[in-house]
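Protein chains in written order, with the working numbering: chain B, 1 to 581; chain E, 582 to 671.
Every residue, glycine too, gets a C-beta built ideally from N, C-alpha and C.
Note that the structure is a prediction, hence the values are computed from the model and not measured.
Take a look at the structure below.
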């Protein structure tokens, strides 16, 4: 039987049944369509987000802080990853055994641990900066509510030797002192983040987007020479111990480039362990402390007088009877010298001579020179608390003040400023800016303060000061011609001068073509000696000779006479000259 | 008509499988890349630690001590040093 002839076909069903089916089916389709519209359009964002959260993760990308290296490339500061342990006290319900185990691993007191976990905060650090292997052991304990996070800890292999130069970082790896602060912008890295897709096993399978690219901290190459720094530190420490001094500082500059090759202060501290840190240890004296420099200022007064043509290097000045009264104050010399040439005023360090020379100069001229040399305003190296020193406006100077300033009293400077000012003599009268970072192309000429002729003449005078008959024969170095000036100043306290001293020496070598400037300052030597020529000059000689050898600077002096002097057979007829104060 | 359809279906299938395979391969390579980058970071850290160690061993205080005490070295006296001038390049 064919389908078309089936008798069932002739049997008509009620029309509503087919319509009902059609309506129900349409209804079902409409529901489906509506539902899909709802999911795809209305709730799309929410669902997309939910779905992504199942497999997509945002990863924090940490950035390492840059390394600090010295000019030879030896690292002076490195950050290495460590872990910090933190807890949500509410979740951290430890059994007594667990707490004991944890405390033992962390080498801390159980009571302290329990006290931290009992705190009513939502977040407590249990211990920061623990070594990665200890952290792994803690993680293996699988304690509830205890979490770890990555952090960096900075290590300073040079330790105390370069402490003040480098400074240190805080627990959050940001610079707090020294170079770490001065160059924080370059050293600090910026952490970034990115979105990735992870599979069931937690492996990253796809990079979706980089939300913020991490920026690694840049490495810094300092001008510092760690060998010279070590020499400066050890010899300063030795001198401090010998002279029972309260504090001291050494600065070594490269006269050709203005680079700071070494900076050492004592007392110092170990930057790797800063538990018991006192303010005295932290002080970066060479930059933040000012002192009255004393006779180390005399060469500037004399250079100005030569520059202005008031005197020639062989003009004579009567310093007898070793006293000079200006107004109601009297200036003294330690010894009576009589008739001195300008060169001898420096060699013998006569206060009266310097004051008489200064009397021919206008206050404005002197002020302009001091200002040009950088006294009275900070060097702006970027170190925290850099001192500018004190240089009063010339209009307020009284004649006696101008006289005392000529030999370094009534004016205060930092050791770094003093060292930099001597660049004018070590170079041909010009000053270049100082640099903490390594300088690749040395500046040709800086700001001129004196003429080349004046600088040469003062160099010759400063050379006389370290020869027999000068104030600092102990500053001599076998094989090299040295030039420099001693300073011994009474300390100013509460408006009056005390019987405590600041001994200093600033000099450069080789005198024929100066390469290095070394400035030494010893605060309150109390070992019986306090003259700059006896306390500071030997430190200068040791640091200078070691540094010149390290740098391979060719000797410029014949050896013979100096070797004789070294053997102690110096002719007895040459008296020991002490500078005036 | 039918044959063309079959061929097209085969091509579509092949390309679909290819897409899946290449995606899988890309992910595998990516995990490998990640692993290598991780290793790079670890080596970087290790390098830093080794530099630290080197600096500690090469500390000037230590070198001086070894040179003086163990090797009995001393700085040459001034008369024992001969300065050699560098010859000018012709």
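Would you list, in chain order, the members of the stretch 597 to 631 of chain E that have their beta-carbon closer than 7 Å to a beta-carbon of chain B?
Correct list: 608, 611, 612, 615, 626, 629, 630.
For residue 155 (chain B), which residues in chain E fall below 8 Å Cβ to Cβ?
Simply 633.
What is the C-beta distance between residue 419 (chain B) and residue 222 (chain B), in whole angstroms, given that I count them as a contact (C-beta under 8 Å)?
Not really, about 17 Å apart at Cβ, beyond 8 Å.
Tell me the rounded alpha-carbon separation between residue 280 (chain B) and residue 267 (chain B).
Each residue's alpha carbon lies about 7 Å from the other.
Do residue 527 (chain B) and residue 243 (chain B) have their C-beta atoms closer together than 8 Å?
Yes. Within cutoff.
Taking CB distances under 8 Å as the criterion, tell me whether residue 652 (chain E) reaches chain B.
Answer no: the Cβ-Cβ gap between residue 652 (chain E) and chain B never drops below 8 Å.
For the candidate residues B:14, B:66, B:171, B:476, whose alpha-carbon lies nearest to that of residue 511 (chain B)?
Of the listed residues, the one whose Cα sits closest to residue 511 (chain B) is B:476.
Have a look at B:441, B:47, B:408, B:201 and flag the residue whose alpha-carbon is nearest the alpha-carbon of residue 350 (chain B).
Comparing Cα-Cα distances from residue 350 (chain B) to each of B:441, B:47, B:408, B:201, the minimum goes to B:408.
For residue 370 (chain B), which option in B:381, B:339, B:410, B:383 has the closest C-alpha, if you only look at C-alpha atoms?
Nearest C-alpha to residue 370 (chain B): B:410.
Which two residues bound the contiguous beta strand (DSSP E) that contains residue 521 (chain B)?
Run containing residue 521 (chain B): 516 to 523, per the beta strand (DSSP E) assignment.
With a threshold of 8 Å between beta-carbons, can residue 513 (chain B) be considered close to chain E, or not?
No - not a single Cβ of chain E is within 8 Å of the one on residue 513 (chain B).
With a cut-off of 8 Å, does the C-beta of residue 203 (chain B) fall near any C-beta of chain E?
True, the Cβ-Cβ gap to chain E drops below 8 Å.
Give me the chain B residues within the contact set of residue 642 (chain E), using Cβ-Cβ distance strictly less than 8 Å, ordered along the chain.
Here the neighbours are 161, 230, 234.
What residues from chain E crowd round residue 82 (chain B), counting only those whose CB sits closer than 7 Å?
Those do not exist, as residue 82 (chain B) stays about 11 Å from chain E at its closest Cβ, beyond 7 Å.
For residue 508 (chain B), which three-state DSSP category applies?
The answer is strand: DSSP assigns residue 508 (chain B) an E or B state.
For residue 664 (chain E) and chain B, any beta-carbon pair shorter than 8 Å?
For residue 664 (chain E), the answer is yes, since a Cβ of chain B falls inside 8 Å of its Cβ.
Look up residue 151 (chain B) in the DSSP assignment and give the residues it is bridged to.
According to DSSP, residue 151 (chain B) bridges with B:82.
Relative to the C-alpha of residue 96 (chain B), which residue among B:88, B:200, B:115 is closest?
When only C-alpha atoms are compared, the closest one is B:115.
Taking a contact to mean a Cβ-Cβ separation below 8 Å, would you say residue 546 (chain B) touches residue 472 (chain B) in this structure?
No.
Is it right to say residue 254 (chain B) is buried, meaning 16 or more other beta carbons lie within 10 angstroms of its own, or is it exposed?
The residue in question, residue 254 (chain B), is buried, as its Cβ has 16 or more Cβ neighbours within 10 Å.
According to DSSP, is residue 60 (chain B) part of a helix, a strand, or is it coil?
Of the three classes helix, strand and coil, the one that applies to residue 60 (chain B) here is strand, per DSSP.
What are the residues in the stretch 56 to 76 of chain B lying within 8 Å of chain E by C-beta distance?
Listed by position, the residues of the stretch 56 to 76 of chain B near chain E (Cβ gap below 8 Å) are 64, 67, 74, 75, 76.
Looking at residue 363 (chain B): is its Cβ nearer than 8 Å to the Cβ of residue 383 (chain B)?
No.
Say the cut is 7 Å; is the CB of residue 199 (chain B) nearer than that to a heavy atom of the ligand ATP?
Ligands are entirely absent from the displayed structure, and the ligand ATP is therefore not among its contents.
Checking 8 Å against the spacing of the C-beta atoms, do residue 519 (chain B) and residue 415 (chain B) come in under that value?
Contact: yes.
Residues of chain E with CB closer than 7 Å to the CB of residue 206 (chain B), please, in chain order.
Ordered by position in chain E, the residues that pass the 7 Å Cβ test against residue 206 (chain B) are 608, 611.
Taking the alpha helix (DSSP H) that residue 312 (chain B) belongs to, which residues open and close that run?
Where residue 312 (chain B) is concerned, there is no enclosing alpha helix (DSSP H), given that its DSSP letter is neither H nor E.
What did DSSP end up calling residue 215 (chain B) once you bin it into helix, strand or coil?
Strand, per DSSP.
With a CB to CB cut of under 6 Å and the five nearest residues on each side skipped, what residues in its chain are close to residue 377 (chain B)?
388, listed in sequence order.
DSSP puts residue 192 (chain B) in a beta bridge; with which residues?
DSSP, once it has assigned bridges, lists B:61 as partnering residue 192 (chain B).
For residue 307 (chain B), report the span of its alpha helix (DSSP H) as first-last.
Residues 298 to 307.
For the pair the stretch 211 to 222 of chain B and the stretch 614 to 622 of chain E, tell me if three or more CB-CB distances fall below 8 Å.
The stretch 211 to 222 of chain B vs the stretch 614 to 622 of chain E: no contact.
Candidates B:338, B:235, B:256: which alpha carbon is nearest residue 425 (chain B)'s?
Of B:338, B:235, B:256, the residue nearest in Cα terms is B:256.
Could you tell me the distance, in whole angstroms, from the CA atom of residue 270 (chain B) to the CA atom of residue 282 (chain B)?
The straight-line gap from Cα to Cα measures roughly 10 Å.
Name the chain E residues that come within less than 8 Å of residue 554 (chain B), Cβ to Cβ?
What residue 554 (chain B) touches in chain E: 664, 666.
Roughly how many angstroms lie between the CA atoms of residue 455 (chain B) and residue 293 (chain B), to the nearest whole one?
Each residue's Cα considered, the two are about 20 Å apart.
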